[in-house]
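Structure record follows, encoded as structure tokens.
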Amino acid sequence: DQYIGGVEHAILHLMYARFFTKALADLGVAPADVREPFKRLFTQGMIRLDGAKMSKSKGNLVAPEEILDDQGADALRLAHLFVGPPQDDVDWEGVGIDGCLRFLQRVWRLATGTAGHPPADRPPSAADLEIDKLTHRLIARISDEYERWSYNTAVAGFMEFTNELYKYVQSDEGPREETLTFAIDTMLKLLAPMTPHITAEL
499 DQYIGGVEHA ILHLMYARFF TKALADLGVA PADVREPFKR LFTQGMIRLD GAKMSKSKGN
559 LVAPEEILDD QGADALRLAH LFVGPPQDDV DWEGVGIDGC LRFLQRVWRL ATGTAGHPPA
619 DRPPSAADLE IDKLTHRLIA RISDEYERWS YNTAVAGFME FTNELYKYVQ SDEGPREETL
679 TFAIDTMLKL LAPMTPHITA EL
């Protein structure tokens, strides 16, 4: 259904795949009406270092071990997704791992209850209903952006939602337990494909 590949591989890979699909159909081995091997093609961009393509043969790679030790795999994954549309080439210098790490630390504080007032069991107020609305809007937005491969704007949506949750838990009224739990659990489930380790832990 979906072919994903870099532009440098797509020419030969696609040519071979299309050739074999048509040949098998012509020989009667595959259904005759199957003329193309893939329904959709997506060509991802490359990450460059100092304007050049990263390559093992050129030796211009960024070793991930230090990043994984210092900032973690989830921050690195999120930074790759946030840097821009996945079909665009980007420079490694523009990948903001530290900013993504700070965002994940904010999510951690929200989910562990250290970001503001402790939640209370009380009837819903106007502020609680607004957070419920924002949570449902987040579900719709992130679902749509995942479907459209718009991961960078999805990350921005998570950051905006986290800012609203911070205001909510630090307000004078404080958060309502049921409202806050629903908001955080929903955000963690939506965020899980991008940052599986921290969301599983939380």
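Counting from 499, one number per residue, gives the positions in the sequence shown under the numbering used here. Beta carbons are placed, not taken as given, at the ideal position from N, Cα and C, and that holds for glycine.
Within the model, the alpha-carbon separation for Ser641 versus Arg538 is close to 19 angstroms. Under the criterion of beta carbons closer than 8 angstroms, Thr693 and Thr633 do not qualify as touching, at roughly 18 angstroms. Note on geometry: alpha-carbon atoms of Met544 and Val593 lie some 12 angstroms from one another. Secondary structure note for Thr541: its beta strand (DSSP E) is the uninterrupted segment 538–542. For Glu591, the closest C-alpha among the options Thr519, Leu608, Leu559, Arg604 is that of Leu559.
Within the same chain, and ignoring the five residues on either side of Ile565 in sequence, the residues whose Cβ sits closer than 7 angstroms to its Cβ are Leu574, Ile595. In terms of Cβ geometry, Leu686 and Ala571 do not form a close pair [threshold 8 angstroms]. DSSP, reduced to helix, strand and coil, places Asp589 within a strand of the structure shown. For Gln500, the uninterrupted beta strand (DSSP E) run begins and ends at 500–504, by DSSP.
By the criterion of at least three beta-carbon pairs nearer than 8 angstroms, the segment 675–682 is not in contact with the segment 646–658.
The residue among Glu671, Pro529, Glu662 with its C-alpha nearest the C-alpha of Lys631 is Glu662. Following the DSSP letters along the chain, one finds Leu547 inside the beta strand (DSSP E) bounded by residues 545–547.
Taking Tyr666 as reference, the option from Pro691, His695, His615 with the minimal CA-CA separation is His615. Nearest in C-alpha terms to Phe680, of all of Cys598, Gly526, Ile629, is Ile629. Within the model, the alpha-carbon separation for Ala528 versus Glu699 is close to 46 angstroms.
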